[in-house]
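Here is the structure we will look at.
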Amino acid sequence: MSETVKVAILGASGYTGAELIRLLDTDPGVELAVLTADRRAGQSLGAVFPHLAGVKAPPLVAIDDVTDWSGIDVVFCALPHATTQPVIAGLPDHLKVVDLSADFRLHDVDVYADWYGGPHQAPDLQKTAVYGLTELARDAIARARLVANPGCYPTGPLLALMPLIESGLIEPGDIIIDAKSGVSGAGRSAKEGLLHGEVSEGIHAYSVAAHRHSPEIEQELSRAAGHAVPTTFTPHLVPMNRGILSTIYVRTHANADAATLLSALTVRYKGEPFVRVLHGGALPHTRHVRGSNLCLIGAVDDRRPGHAILVTAIDNLVKGAAGQAIQNMNVMLGRPETAGLALQPVFP
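In full-length UniProt numbering, the protein residues as written are 1 to 348.
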């Protein structure tokens with residue numbers, strides 16, 4: 001591999017593709033070599049995303065028209081769920097791959113089939129995939145050829161909960177996650193339920209007790225606990241473009257309180273560039289992470305003894321998708337982890 005990392009983005013016309021381009025353009029060590037978008041094939045990047053018209057990038061092409069992968073180092077797959085498996089299976093072995101869909105996140109292919117409505121199409125490849133929650137899987141990511149980028153909803157809660165479960169400070173089987181996301185999490189495709197008149201001036205829960213990120217959350221919490229961990233997870237759609245705020249209710253162990261939990265998280269994430277633990281009763285806001293790769297974590301004591309409330313905030317398109325994917329690429333290639341990601345949040 002040359003000093004310049006040559007990148008292909010498959011599915012470059014969606015919100016996540018746009019974020020990958022926006023962030024990678026700030027890294028002089030990266031070249032955008034291939035951008036695919038079947039429905040927008042032949043168009044320039046500026047025609048699809050006017051805000052990115054100044055980015056040096058090739059025209060968009062159809063995936064099937066990319067026949068020479070020899071000059072590419074890394075592929076980001078930002079394709080719809082259940083479409084990525086055959087695409088990645090057909091890529092040359094020399095490519096590093098970060099998949100931003102759900103196609104390789106679930107280790108058990110039978111669980112995948114139950115939740116995504118069909119059999120896994122690359123089960124042998126699934127065995128090699130690493131679940132890419134960067135701060136908690138860095139060593140495995142560094143050795144991986146294929147990284148399954150975590151879902152946007154699981155990222156904040158897992159960063160908050162997994163160290164606390166591993167340290168025995170909370171009860172794994174008594175966790176409730178109440179999460180609220182901006183509309184961009186539903187993608188860029190035209191959908192009636194996402195029209196302004198359908199979404200604005202209101203909030204609603206959806207996929208209650210049936211959201212596809214539930215098995216992903218439970219898979220990782222179970223790994224931290226060493227046994228099966230059921231959770232209650234309820235997502236909500238709120239009328240904002242970006243951000244996820246997760247309010248997490250836990251039962252504590254060994255007389256632990258919110259200060260104990262925050263102290264443990266502070267130790268665990270010391271030196272981490274993108275995870276910030278808040279103290280003094282401060283709680284995160286989505287406006288404090290907008291446009292950045294940050295995850296903010298706060299905690300307070302519940303009024304009920306032996307219980308605490310954790311709150312996390314991320315930008316769903318950055319730390320919840322494109323930013324974490326670039327962070328994983330950097331780890332896979334042994335590059336500075338903050339390359340392309342040293343952007344402060346946008347406020348207001």
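Using N, Cα and C, we set each Cβ at its ideal position, and we do this for glycine too.
Give every residue of the same chain whose Cβ lies closer than 6 Å to the Cβ of residue i, excluding the five residues on either side of it in the sequence, and list them in chain order.
{"i": "T266", "result": "V277"}
{"i": "A37", "result": "A12, S13, L60"}
{"i": "Q121", "result": "Q85, P86"}
{"i": "D27", "result": "A339, G340"}
By the 10 Å Cβ neighbour count, where 16 or more other Cβ atoms means buried, how is residue i classified, buried or exposed?
{"i": "P119", "result": "exposed"}
{"i": "D99", "result": "buried"}
{"i": "N255", "result": "exposed"}
{"i": "Y206", "result": "exposed"}
{"i": "P284", "result": "buried"}
{"i": "R304", "result": "exposed"}
{"i": "E31", "result": "buried"}
{"i": "V229", "result": "buried"}
{"i": "P150", "result": "buried"}
{"i": "S292", "result": "buried"}
Can you find the residues in the same chain that come closer than 8 Å, C-beta to C-beta, to residue i, ignoring five residues on each side of it along the sequence?
{"i": "L52", "result": "A18, I21, R22, D25, L45, G46"}
{"i": "I203", "result": "K180, H236, L237, V238, P239"}
{"i": "G71", "result": "K6, A33"}
{"i": "R290", "result": "R242, G243, D315, P345, V346, F347"}
{"i": "A137", "result": "V130, Y131"}
{"i": "C295", "result": "T155, G156, L159, F274, V275, R276, V289, T312, A313, I314, K319"}
{"i": "P123", "result": "V109"}
{"i": "E192", "result": "E198"}
Can you tell me the Cβ-Cβ gap for residue i and residue j, rounded? I've got them flagged as a contact below 8 Å.
{"i": "V75", "j": "V97", "result": "5 Å"}
{"i": "I297", "j": "T312", "result": "5 Å"}
{"i": "N330", "j": "A339", "result": "5 Å"}
{"i": "F104", "j": "L146", "result": "6 Å"}
Residues in its own chain within less than 7 Å of residue i by CB, not counting five upstream and five downstream?
{"i": "D301", "result": "D257, A258, A308"}
{"i": "G320", "result": "C152, T155, I244, I314"}
{"i": "E166", "result": "A224"}
{"i": "E272", "result": "E135"}
{"i": "A322", "result": "T16, E19, L20, L23"}
{"i": "S200", "result": "P239"}
{"i": "A62", "result": "T36, D38, A41"}
{"i": "L194", "result": "V183, A186"}
{"i": "L91", "result": "W69, V75, V97"}
{"i": "S101", "result": "C77, L79, P80, H81, T84"}
Could you pull the start and end residues of the beta strand (DSSP E) that residue i belongs to?
{"i": "R276", "result": "275–277"}
{"i": "L245", "result": "244–251"}
{"i": "L310", "result": "307–314"}
{"i": "E31", "result": "30–36"}
{"i": "I170", "result": "Run containing I170: none; DSSP gives neither H nor E here."}
{"i": "L296", "result": "295–301"}
From which residue to which residue does the alpha helix (DSSP H) around residue i run?
{"i": "Y112", "result": "109–116"}
{"i": "T266", "result": "258–268"}
{"i": "I88", "result": "84–89"}
{"i": "P163", "result": "152–166"}
{"i": "I217", "result": "213–225"}
{"i": "G17", "result": "15–24"}
{"i": "G42", "result": "Here G42 belongs to no alpha helix (DSSP H), and DSSP marks it neither H nor E."}
{"i": "L52", "result": "First-last for L52: undefined, no H or E at that position."}
{"i": "M329", "result": "323–333"}
In the DSSP output, what is residue i paired with across the bridge?
{"i": "T232", "result": "I176"}
{"i": "V147", "result": "V98, V130"}
{"i": "V7", "result": "L32, V74"}
{"i": "V61", "result": "T36"}
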